[in-house]
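S.K.: Numbering (this note's numbering), first residue to last: 1 to 104. Beta carbons: idealized from backbone N, C-alpha and C, even for Gly. Given the structure is predicted, the values throughout are model-derived calculations rather than measurements.
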């Protein structure tokens with residue numbers, strides 16, 4: 001799956017989306033995503049399958065279960081994910097992280 005396809009899936013959630021960083025400050029909710037690292041599968045000294053770990057970050061001013069479910073439904077189109085969340089006190093925002101394994 002390409003970055004463009006991931007972007008389109010995330011965009012369908014209905015909040016602003018950017019790869020890595022927005023060019024201007026955003027008002028929550030919004031989504032950033034980026035590739036964390038690759039975990040390729042090798043066979044005969046060649047990359048048999050390119051597998052990337054992708055992080056999707058959802059930023060919200062207050063927890064929104066309906067929005068999270070909508071995002072998680074779209075993420076399921078990409079594959080399985082792990083979910084963690086934090087409160088960023090200095091920003092007064094919640095950051096919900098989803099870590100996905102994306103096969104290219």
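Runs of 3 residues minimum, wholly inside the region 40 to 64: which ones carry the beta strand (DSSP E) assignment?
M.R.: With a minimum length of 3 residues, the continuous beta strand (DSSP E) runs that stay inside the region 40 to 64 are 41 to 43, 46 to 49, 51 to 60.
S.K.: Using 8 Å as the threshold, is the region 15 to 23 in touch with the region 80 to 88, meaning 3 or more CB pairs across them?
M.R.: Touching, no.
S.K.: Taking the C-alpha atoms as reference points, what is the distance between residue 2 and residue 28?
M.R.: Position 2 of the chain shown, counting from 1, holds the residue named residue 2. Position 28 of the chain shown, counting from 1, holds the residue named residue 28. Looking at the two C-alpha atoms, the distance is approximately 26 Å.
S.K.: Grab the span of the alpha helix (DSSP H) containing residue 8 for me, first residue to last.
M.R.: As a first step, residue 8 must be located in the chain shown, where it is residue number 8. Residue 8 -> alpha helix (DSSP H) spans 3 to 11.
S.K.: For residue 103, which residues does DSSP report across the bridge?
M.R.: Translated into the one-based positions of the chain shown, residue 103 becomes position 103. Beta-bridge pairing links residue 103 to 51.
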